[in-house]
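Below: one structure, written as structure tokens.
2 protein chains.
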Amino acid sequence: MPEKDSFDLQQFLPYLLNQAAERSSLEFQQVYKDRYGMLRTEWRVLFHLGLYGKMTAGGIGQSAKMHKTKISRAVHRLADRRFLTRARDEADRRVEHLELTAQGRKAYAELREIAMEYDAALTAQLTPEENAVLRGALRKLARISA
Amino acid sequence: MPEKDSFDLQQFLPYLLNQAAERSSLEFQQVYKDRYGMLRTEWRVLFHLGLYGKMTAGGIGQSAKMHKTKISRAVHRLADRRFLTRARDEADRRVEHLELTAQGRKAYAELREIAMEYDAALTAQLTPEENAVLRGALRKLARISA
DNA sequence: ATGTAATAGTTGTTTTTGTAACTAACAAGG
DNA sequence: CCTTGTTAGTTACAAAAACAACTATTACAT
């Protein structure tokens, strides 16, 4: 494939980011998909609840930068499968507090283990310097504060 | 948001990659979407043809790691809008050679300009070291050779 | 009070994607 | 030649995502 002009697609950051993100997402997706028939939206909700405890749909949306309709549907599916419970806030009856059930926590614990192993496998492909710089740079680009 | 266990979602590489990729894709997408009503699959095809000249659908698929059905549909839409022409290979009548029209090349040139500016804006958010290491690491993770 | 706006979340409809099955053309062994 | 297998690309159908319009509730200014 001869290059014809000065632009290099393989160095174009959005393109590179997508290639890397797609590859790693797809590989990790196999786990929660095969194991629990879960979608990416669903594991994201599950992980937020598993990690931070009780949250509202809106809170998850802010943190995960997911649209509220995606969350609404993911919450529905997770509730159907008894992975979480929903409780209306009595002070403000618009908001719902979501919380994992025992079953949900079990799934989370299991997936978290696998996530950590998978992350370690990715990490192992890079040098320590690359790992540190990579994560920092990604956070800047994603504008994640903490 | 108090942390409850040792796992850190904000450091989990597939998650970080997705956040960064989504953000940058979305921003750049506005350009080709607003300007040409183009989808991401379409600009990828356009960029490949603009950059490498005549290619087949299969060749683009290999390089962009896109499924052939996505390419097939993107090529259709681009052909409908007269951005590219399709020519059967006479030696092997299964393959089609795709090539940008004048109009396609014009769109490519314009989008390439914007892509370079956008890449420069992203690059400016990072230190030179971060830029070098980031791109290298992403290529490793995406398993892009060259 | 009461009309207007804002917020939390849901639902409906349209696009886009994923998956699998398909057609057409070639290749290679008997 | 014919069967069997492979490859390029398309099409059909199902799953998921995007987008807009909606309900219910609260906030807030008159």
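Going line by line, the protein sequences match chains P and S.
Counting with the working numbering, you get residues 1 to 146 for the letters of the first sequence.
Counting with the working numbering, you get residues 1001 to 1146 for the letters of the second sequence.
Ideal placement from N, C-alpha and C gives every residue a C-beta, glycine not left out.
- Annotation: the continuous alpha helix (DSSP H) that includes P/H76 extends over 68–80.
- Across the structure, S/R1081 and S/F1047 are spaced so that their CA atoms are roughly 16 Å apart.
- Taking a cut-off of 8 Å for Cβ pairs, the stretch 1091–1107 of chain S and the stretch 79–94 of chain P do not touch, as fewer than three such pairs fall below it.
- The C-beta of P/P128 has fewer than 16 other C-beta atoms within 10 Å across all chains shown, which makes the residue exposed.
- Between S/G1050 and S/R1105, the C-beta gap is smaller than 8 Å, which places the two residues in contact.
- Contact between S/L1078 and S/V1045 holds: their C-beta atoms lie close to 6 Å from each other, under 8 Å.
- For S/K1140, the chain P residues whose C-beta falls within less than 9 Å of its own C-beta are A20, Q125, L126, E130, listed in chain order.
- Cβ neighbours of S/Y1032 within its own chain (closer than 7 Å, five residues either side excluded): M1038, W1043, L1111.
- Between P/A137 and S/E1130, the gap from beta carbon to beta carbon is short of 8 Å.
- Taking 8 Å as the threshold, the shortest C-beta distance from S/D1119 to chain P falls below it.
- For S/T1123, the enclosing alpha helix (DSSP H) covers residues 1102–1124.
- Sequence-ordered contacts of the stretch 1064–1083 of chain S with chain P read K1065 [C-beta pairs closer than 7 Å].
- Inter-residue distance for P/F28 and S/R1139 is about 18 Å (C-alpha atoms, whole angstroms).
- Under the DSSP assignment, S/L1017 falls in the alpha helix (DSSP H) whose first and last residues are 1013–1036.
- Within 8 Å of the CB of S/V1133, the CB atoms of chain P belong to E129, E130, V133, L134, A137, in sequence order along the chain.
- P/A115 belongs to the set of residues whose beta carbon lies under 8 Å from a beta carbon in chain S.
- Going by DSSP, S/T1041 is part of no beta strand (DSSP E) but of the alpha helix (DSSP H) stretching over 1040–1052.
- Annotation for P/A57: the continuous alpha helix (DSSP H) segment containing it runs 57–64.
- In the DSSP annotation of this structure, the continuous segment of the beta strand (DSSP E) that includes S/A1087 starts and ends at 1084–1088.
- C-alpha of P/S6 to C-alpha of P/A120: approximately 36 Å in a straight line.
- The Cβ neighbour count for P/G58, taken over all protein chains shown within 10 Å, is under 16; the residue is labelled exposed.
- Rounded to the nearest whole angstrom, the CA to CA distance from S/R1073 to S/R1040 is 12 Å.
- Rounded to whole angstroms, P/Q62 and P/V75 show a C-alpha spacing of 15 Å.
- Under DSSP, S/L1098 shares a beta bridge with S/M1055, S/R1086.
- In chain S, no part has a C-beta under 8 Å from the C-beta of P/L98; the shortest such distance is about 14 Å.
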